[in-house]
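Structure first, commentary second.
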Amino acid sequence: MLKIEHYTKSYGNKKAVDDLSLHILPGEIYGFIGHNGAGKTTTIKACCGILQFDSGEIYVDGISIRENPLACKKRLAYIPDNPDLYDFMTGIQYLNFVADIFGIGAVDRQTKIHQYADAFDLTADLAQPVSAYSHGMKQKLAIISALIHDPKLIIMDEPFVGLDPKASYLLKETMRDICKGGGAIFFSTHVLDVAERLCDKVAIIRGGKLIKSGTMEEVKGDMSLESVFLELEERHD
Amino acid sequence: MIKTLLKKQIYEMFAFFYQSGKSGKRRSKLVLAGYVLLMTYLAAVMLLMFFQAANALCSPMTEAGLTWLYFALMGIIATALGVVGSIFFVHSGLYQAKDNELLLSMPIIPSQILFVRMAGLYGIVWGTEALVMIPAFIVYWMEGNRRISCVIAETLILFIFPLLALAISCILGWLIGMLSAHIGVRGKSFLSTALALIFLVGFYSFFMKAYSYLQLILVKKEALGGIMKYALYPLYQMGLGAAGSIPAFLRFVLIVLACFGTIYLLIGKSFVKILTSRQGNAKLQYKEKKLTVSTKSVTLLKKEFRRFTGSSTYMLNCGLGTVMLLFVTGFVLFKGAWLRELVMQIFGKESGMGMAFCCLMLCIMVTMNMTTAPSVSMEGKNLWIVQSMPVLAWDVLKAKLMLHLLITVIPAVPAAVCLMTVLESGLVAGVLVTGVILLFILLTASMGLALNLKFPNLDWANETVAVKQGIGMGLAMFGSWAVLMILSGIYYAAGRYFSTELYLICVIIIFAVADAWLVRWLKGRGAEILETL
Chain V
11 MLKIEHYTKS
21 YGNKKAVDDL
31 SLHILPGEIY
41 GFIGHNGAGK
51 TTTIKACCGI
61 LQFDSGEIYV
71 DGISIRENPL
81 ACKKRLAYIP
91 DNPDLYDFMT
101 GIQYLNFVAD
111 IFGIGAVDRQ
121 TKIHQYADAF
131 DLTADLAQPV
141 SAYSHGMKQK
151 LAIISALIHD
161 PKLIIMDEPF
171 VGLDPKASYL
181 LKETMRDICK
191 GGGAIFFSTH
201 VLDVAERLCD
211 KVAIIRGGKL
221 IKSGTMEEVK
231 GDMSLESVFL
241 ELEERHD
Chain F
10 MIKTLLKKQI
20 YEMFAFFYQS
30 GKSGKRRSKL
40 VLAGYVLLMT
50 YLAAVMLLMF
60 FQAANALCSP
70 MTEAGLTWLY
80 FALMGIIATA
90 LGVVGSIFFV
100 HSGLYQAKDN
110 ELLLSMPIIP
120 SQILFVRMAG
130 LYGIVWGTEA
140 LVMIPAFIVY
150 WMEGNRRISC
160 VIAETLILFI
170 FPLLALAISC
180 ILGWLIGMLS
190 AHIGVRGKSF
200 LSTALALIFL
210 VGFYSFFMKA
220 YSYLQLILVK
230 KEALGGIMKY
240 ALYPLYQMGL
250 GAAGSIPAFL
260 RFVLIVLACF
270 GTIYLLIGKS
280 FVKILTSRQG
290 NAKLQYKEKK
300 LTVSTKSVTL
310 LKKEFRRFTG
320 SSTYMLNCGL
330 GTVMLLFVTG
340 FVLFKGAWLR
350 ELVMQIFGKE
360 SGMGMAFCCL
370 MLCIMVTMNM
380 TTAPSVSMEG
390 KNLWIVQSMP
400 VLAWDVLKAK
410 LMLHLLITVI
420 PAVPAAVCLM
430 TVLESGLVAG
440 VLVTGVILLF
450 ILLTASMGLA
460 LNLKFPNLDW
470 ANETVAVKQG
480 IGMGLAMFGS
490 WAVLMILSGI
500 YYAAGRYFST
510 ELYLICVIII
520 FAVADAWLVR
530 WLKGRGAEIL
540 ETL
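If you read the protein sequences in the order shown, they are chains V and F.
Residue numbers for the first sequence follow our numbering, so the first one is 11 and each next one is one higher.
Residue numbers for the second sequence follow our numbering, so the first one is 10 and each next one is one higher.
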């Protein structure tokens with residue numbers, strides 16, 4: 011579903027990500043772990059087609075993001091680490107805007123918005139302007155807007171930050187449901203416990219380079235993901 | 010502590026100078042020099058304008074023995090300008106600064122925070138008033154009034170006088186804040202826009218009639234001077250003080266300090282309370298209803314329209330042309346005969362000059378609408394939304410262009426049609442004038458958008474920065490005026506060699522070529538820039 015091949019991105023002389031290759035298959039939840047400034051967001055943004063890169067290729071559902079970004083964007087949903095949404099719209103106006111852009115039919119959008127807004131306890135707040143939302147509510151709205159168009163791939167940057175326990179649980183359940191339906195999830199996180207329990211595969215990045223990847227068992231063995239991560243960090247210091 | 014806070018405030022105020030709004034990195038020396046040059050040019054234009062106004066007022070006033078009135082009139086202009094320039098910063102600058110909570114959480118006395126915020130506002134008012142008062146004093150000195158006591162008093166007035174405008178701004182800003190707390194976001198935007206429009210209309214009406222007021226004052230100087238001494242008592246004392254009266258100067262200082270001190274104390278009393286209590290609006294209950302389905306283009310246009318109507322700063326700074334064009338239509342409908350008579354008197358019956366002049370006036374009003382010039386910057390931290398969606402960058406740009414075209418074309422066409430009908434310009438000339446205006450609207454829209462793509466500022470905390478301090482905005486406005494000046498200059502110099510209709514056809518061709526080139530650039534390179542911002 012998402013194939014990253016020899017992806018390299020530099021800012022000036024500094025290589026933010028160097029020759030990264032990952033392959034996320036349909037049905038997989040793929041965790042992306044690394045310290046601050048490791049290159050996670052740079053990789054994620056390139057996968058969503060909002061950041062140009064120097065070399066390598068990124069394919070979404072077999073389509074090159076470089077050559078056909080629009081077709082890729084139709085298949086994916088992106089949730090950034092800090093959901094800065096349109097403050098001048100109400101929650102429902104924002105969801106309707108997203109539905110319009112993705113060409114979702116009237117009945118379908120109504121059903122999906124109702125379903126997910128109810129699930130994430132946001133229905134009562136949909137008439138409020140986004141400017142009145144808390145960080146968690148904005149995060150919920152961004153998640154709902156990502157789900158209403160049934161994406162094949164969801165790319166998330168620190169999706170659990172700001173979510174209340176119920177919403178966090180619900181998001182994890184929804185992630186599993188999407189993968190059961192043949193979709194794929196690629197997300198970055200600092201919450202290693204969540205990654206350990208949720209992910210089928212995991213990749214650890216450090217200083218822009220991939221230092222370990224594979225199934226959860228391959229990466230952590232008998233240890234905890236946290237121990238492995240800290241050990242790898244120490245080894246590469 | 011105050012020194013550290015003041016340094017932070019000054020850095021915050023001038024951050025757009027040193028820091029790139031696009032990348033957040035420090036600007037290169039070349040770009041910095043460009044900014045300084047542009048700002049110097051803008052300040053020089055304003056200084057020159059007020060120098061001329063002061064020059065026209067000074068001699069007749071001093072000769073009539075009304076030196077105080079000269080300073081008072083310049084003081085009124087300076088105060089009005091200072092209030093207009095600062096009123097919208099008062100509420101956002103004092104109560105809505107994004108680092109208020111951070112500063113309150115630190116071991117800083119709240120009164121120090123207020124002092125620093127006020128100092129920032131004072132800087133804005135001082136900068137605005139100086140554009141009027143410095144030329145006023147220079148003209149007075151040039152008239153031979155260079156006594157040392159006068160120069161000292163005037164220099165002190167230059168720094169004390171802005172406190173009066175700041176006090177007025179604080180009262181009005183506080184009122185706007187109080188009113189807007191009881192209405193929604195959109196209502197708040199419209200309220201702020203309406204208040205500012207009322208203020209501007211009053212300001213310009215006064216300016217339009219300034220000459221007749223001056224004549225009136227000169228004719229009835231004793232009677233009116235007597236009344237105005239009481240009506241404008243602080244300014245009367247300021248005028249006398251500037252002319253060298255030390256007791257008057259001291260009275261002026263006392264009055265200003267008393268006014269400002271009272272306001273400062275009142276604000277100081279409620280400052281922390283307002284900062285630490287969120288009044289909030291009543292929660293709107295969501296009632297599920299059928300959602301409207303729109304095409305991508307329409308939904309993007311709706312988004313632009315919501316952004317525009319959701320911000321009074323955006324509407325006021327970029328949509329004033331719509332109000333002016335609607336006013337022209339109304340004025341022509343009610344005063345058409347009078348206007349026709351006036352145009353005939355000035356330009357003659359057969360000359361096409363009157364028609365060309367009216368076309369130019371409408372084009373100038375068109376330049377008051379500049380929604381595209383800050384539209385990319387206005388995306389700010391929301392830019393990721395359109396970038397990550399399956400929508401062409403050109404469609405996003407097109408929506409920005411469409412908003413500009415809609416809010417300008419809709420009032421411009423009836424204004425042009427009414428004006429040409431009243432002037433009895435004939436069908437061909439009427440169509441040509443309308444054509445020139447329509448193509449000029451597209452030119453200003455696409456030029457503003459292209460310039461904003463070249464000079465975006467996405468890293469702002471207050472939308473005023475995106476709207477008012479964007480280099481693209483200034484360039485688009487001055488660029489549009491430069492186009493009009495060049496074309497008018499050519500017509501004025503060589504108009505007698507060809508008919509106005511022929512000239513309008515040439516202008517249409519020039520505009521059409523420029524429009525086509527700009528739209529092509531926006532579709533290609535412009536879209537690429539938006540994708541990679």
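Ideal Cβ placement from N, Cα and C applies to all residues, glycine included.
Remember, it's a predicted structure, so these values are computed and weren't measured experimentally.
In chain order, D110 make up the part of chain V whose C-beta sits under 8 Å from the C-beta of F:S303. Around the beta-carbon of F:S68, fewer than 16 other beta-carbon atoms lie within 10 Å, marking it exposed. Bounds of any alpha helix (DSSP H) do not take in V:Y17; it lies within the beta strand (DSSP E) bounded by 12 to 21. When DSSP states are grouped into helix, strand and coil, F:K107 belongs to the coil group. Listed along chain V is no residue with a C-beta nearer than 8 Å to that of F:S321; the closest approach is about 12 Å. For F:I394, the closest alpha carbon among the candidates V:P169, V:L157, V:P93, V:F196 is that of V:P93.
Below 8 Å, enough C-beta pairs join the stretch 409 to 417 of chain F and the stretch 312 to 324 of chain F to call them touching: three or more. Near chain F, meaning a CB-to-CB distance below 8 Å, the residues of the stretch 119 to 143 of chain V are R119, Q120, I123, H124, T133, A134, D135, L136, A137, Q138, P139, S141, A142. For the pair of segments examined, the stretch 362 to 370 of chain F was found to touch the stretch 495 to 509 of chain F: the number of CB pairs separated by less than 8 Å reaches three.
For V:D167, the uninterrupted beta strand (DSSP E) segment begins and ends at 163 to 167.
Here the C-alpha atom of F:S279 lies approximately 11 Å from the C-alpha atom of F:I272. With a beta-carbon spacing of about 24 Å, V:I215 and V:K83 fall beyond the 8 Å limit used to define contacts. At least one CB of chain F lies nearer than 8 Å to the CB of V:F107.
The criterion of a C-beta distance shorter than 8 Å is satisfied by V:F196 and V:L163. Interface flag for F:M324 against chain V is unset, since no Cβ pair is found closer than 8 Å. Straight through space, the alpha carbons of V:D174 and V:Y104 are spaced by roughly 22 Å. Nothing from the stretch 144 to 164 of chain F brings a Cβ to less than 8 Å from some Cβ of chain V. One alpha carbon belongs to F:V405, the other to F:E110, and they sit about 36 Å apart.
Contact check between the stretch 198 to 211 of chain V and the stretch 36 to 50 of chain V: three or more CB pairs, one atom from each, fall below 8 Å, which counts as touching. If you check the CB distance, F:I517 and F:L452 do not come in under 8 Å. Taking a C-beta cut-off of 8 Å against chain V, the contacting residues of the stretch 377 to 395 of chain F are G389, K390, N391, W393, I394, listed in chain order. Contact between V:V70 and V:T53 fails: their C-beta atoms lie close to 14 Å from each other, not under 8 Å. Taking 7 Å as the upper bound on Cβ-Cβ separation, chain F lies near residues Q62, L80, K83, K84 of the stretch 62 to 87 of chain V. The stretch 430 to 437 of chain F makes no contact with the stretch 458 to 472 of chain F, as fewer than three CB pairs between them are under 8 Å.
A check of alpha carbon separations from F:Y131 across F:L181, F:E152, F:G94 identifies F:G94 as the nearest. For V:L151, there is no enclosing beta strand (DSSP E); the residue is found in the alpha helix (DSSP H) stretching over 145 to 157. When DSSP reads this structure, F:N378 sits in a beta bridge with F:G328. Only residues of its own chain outside the window of five on either side were considered, and among them L202 have a CB closer than 7 Å to the CB of V:E236, listed in chain order. According to the DSSP assignment, V:Y69 belongs to the beta strand (DSSP E) that extends over 65 to 70. The shortest C-alpha to C-alpha distance from F:I283 to any of F:W183, F:Y501, F:N471, F:L78 is the one to F:W183. One finds K299, L300, T301, V302 in chain F with Cβ atoms closer than 9 Å to the Cβ of V:A116, taken in chain order. Beyond the five residues adjoining it in sequence on each side, F:K344 comes within less than 8 Å, by CB distance, of no other residue in the same chain.
Secondary structure at V:H33: strand, using DSSP grouped into helix, strand and coil.
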